[in-house]
Amino acid sequence: MMSQRPVIEINAVSKWYGKFQVLNTVSLNVAKGERVVICGPSGSGKSTLIRCINRLEEHQQGQILVNGIEMNDNVRNINLIRQNISMLFQQFNLFPHLSVLDNLTLGPTLVRKMTPKQATELAMHYLEKVQIANQAYKFPLQLSGGQQQRVAIARALCMEPEIMLFDEPTSALDPEMIKEVLDVMLDLAEGGMTMIVVTHEMGFARTVADNVILMADGRIVESAPPEKFFSQPEHPRTRKFLEQIL
Ligand code: ADP
Ligand code: MG
Numbered sequence: 001m002m003s004q005r006p007v008i009e010i011n012a013v014s015k016w017y018g019k020f021q022v023l024n025t026v027s028l029n030v031a032k033g034e035r036v037v038i039c040g041p042s043g044s045g046k047s048t049l050i051r052c053i054n055r056l057e058e059h060q061q062g063q064i065l066v067n068g069i070e071m072n073d074n075v076r077n078i079n080l081i082r083q084n085i086s087m088l089f090q091q092f093n094l095f096p097h098l099s100v101l102d103n104l105t106l107g108p109t110l111v112r113k114m115t116p117k118q119a120t121e122l123a124m125h126y127l128e129k130v131q132i133a134n135q136a137y138k139f140p141l142q143l144s145g146g147q148q149q150r151v152a153i154a155r156a157l158c159m160e161p162e163i164m165l166f167d168e169p170t171s172a173l174d175p176e177m178i179k180e181v182l183d184v185m186l187d188l189a190e191g192g193m194t195m196i197v198v199t200h201e202m203g204f205a206r207t208v209a210d211n212v213i214l215m216a217d218g219r220i221v222e223s224a225p226p227e228k229f230f231s232q233p234e235h236p237r238t239r240k241f242l243e244q245i246l
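The sequence shown begins at 1 in UniProt numbering and counts up by one.
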């Protein structure tokens with residue numbers, strides 16, 4: 001485990017939308033099993049940064065490597081990297097016309113070429129892990145928001161990714177449902193998943209993160225373990241942000 005190459009290496013990445021610079025020389029390494037929480041004001045580039053990691057967005061300068069493979073316009077590289085990454089969004093993006101079970105078996109049968117029986121076993125395994133196996137035959141819209149997000153996590157897990165990226169996974173949920181989703185994420189973290197989580201759930205950041213990052217204006221302003229981030233942040237911007245949300 002010692003001095004392994006980081007799973008994710010982001011080196012001086014910049015990106016523009018037209019003339020607007022959304023990412024400004026962002027550098028970040030994430031080790032295997034590391035949990036990084038990214039917070040920061042709306043519009044600071046958090047979503048753009050994590051979307052660049054699996055190339056839902058393209059960066060224009062700098063380098064992104066996943067397991068040493070460079071994310072660039074080489075389709076082979078893109079596909080190799082995407083095999084190892086799952087991304088979760090604020091909106092759950094489940095297929096409404098498919099049952100929960102069918103939402104989960106689709107990827108494994110189409111992409112991973114599993115038999116329906118294998119895919120069903122895998123799906124039930126992960127539905128049990130997120131404690132929702134009893135809803136397998138329902139349709140997404142028959143479930144609560146928290147249940148739907150847990151299904152989305154189970155669906156991501158069916159692809160057995162090495163890395164999971166979360167973009168504000170609880171911000172569309174009613175308060176009473178946030179905990180059930182965070183508990184599933186906590187469980188994943190304890191299982192050793194490499195995770196980057198964009199969230200404003202600072203309780204989660206405190207307990208789960210190895211490193212907490214504040215982004216502002218397309219830059220990483222602060223990056224520190226939670227003990228330091230919350231009690232002795234170096235940058236005034238971090239103090240201001242924490243005052244506003246805590
Ligand atoms: P965050 O997730 O921190 O709220 P985003 O990464 O979504 O921030 O967006 C950063 C900035 O980039 C915002 O000002 C947003 O309006 C702008 N932006 C995001 N996506 C696009 C796009 N496709 N075209 C132009 N501007 C965009
Ligand atoms: Mg965002």
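Backbone N, C-alpha and C fix where the C-beta goes; we use that ideal spot for every residue, glycine too.
Is the beta carbon of residue i less than 7 Å from the beta carbon of residue j?
i	j	result
alanine 189	arginine 35	yes
valine 198	aspartate 167	yes
glutamine 149	phenylalanine 92	yes
isoleucine 50	isoleucine 10	no
glycine 62	leucine 214	no
proline 233	glutamate 222	yes
leucine 182	phenylalanine 204	yes
proline 226	arginine 239	no
leucine 101	alanine 133	no
valine 30	threonine 48	no
glutamate 162	asparagine 74	no
Am I right that residue i and residue j are in contact with their C-beta atoms under 8 Å? What's the rounded C-beta distance?
i	j	result
valine 66	lysine 32	The Cβ separation is near 11 Å, so there is no contact.
valine 151	leucine 94	6 Å
isoleucine 220	leucine 28	7 Å
Looking only at its chain, what residues have a beta carbon closer than 6 Å to the beta carbon of residue i, apart from the 5 residues adjacent to it on each side?
i	result
threonine 25	Ala12, Ser14
aspartate 210	Glu34, Arg35
methionine 164	Ser86, Met193, Met195
histidine 59	Val13, Lys15, Cys52
glutamate 180	Gly146
Shorter than 6 Å, the distance from the beta carbon of residue i to the closest heavy atom of the ligand ADP, or not?
i	result
lysine 117	no
lysine 15	no
alanine 43	Inspection of the sequence shows that residue 43 is occupied by glycine rather than by alanine. Because some heavy atom of the ligand ADP lies under 6 Å away, the Cβ of glycine 43 counts as near it: yes.
aspartate 22	In the sequence as presented, aspartate is not what sits at residue 22; that position holds valine. True, at least one ligand heavy atom lies under 6 Å from that Cβ.
Once you ignore the five residues that flank residue i on each side, which residues in its own chain have a CB closer than 8 Å to its CB?
i	result
asparagine 77	Ile69, Glu70, Met71
serine 99	Ala136, Tyr137, Lys138, Phe139
aspartate 217	Asn24, Ser44, Gly45
serine 231	none
valine 111	Met159
Is residue i near the ligand MG, with its Cβ less than 6 Å from a heavy atom?
i	result
glycine 47	A small correction: the amino acid at residue 47 is serine; glycine does not occupy that position in the sequence shown. Yes - the ligand MG has a heavy atom lying nearer than 6 Å to the Cβ of serine 47.
Please work out which residues of its chain come closer than 7 Å, Cβ to Cβ, to residue i, disregarding the five sequence neighbours upstream and downstream, and give them in chain order.
i	result
methionine 177	Ser144, Gly145, Gly146
alanine 119	Thr105, Pro108, Thr109
phenylalanine 89	Asp167
Subject >> Whole runs of the beta strand (DSSP E) within the segment 174 to 228, excluding any shorter than 3 residues >> reply: 194 to 198, 211 to 216, 219 to 224
Subject >> Contained beta strand (DSSP E) runs [length at least 3] in the segment 32 to 79, N- to C-terminal order >> reply: 35 to 39, 61 to 66
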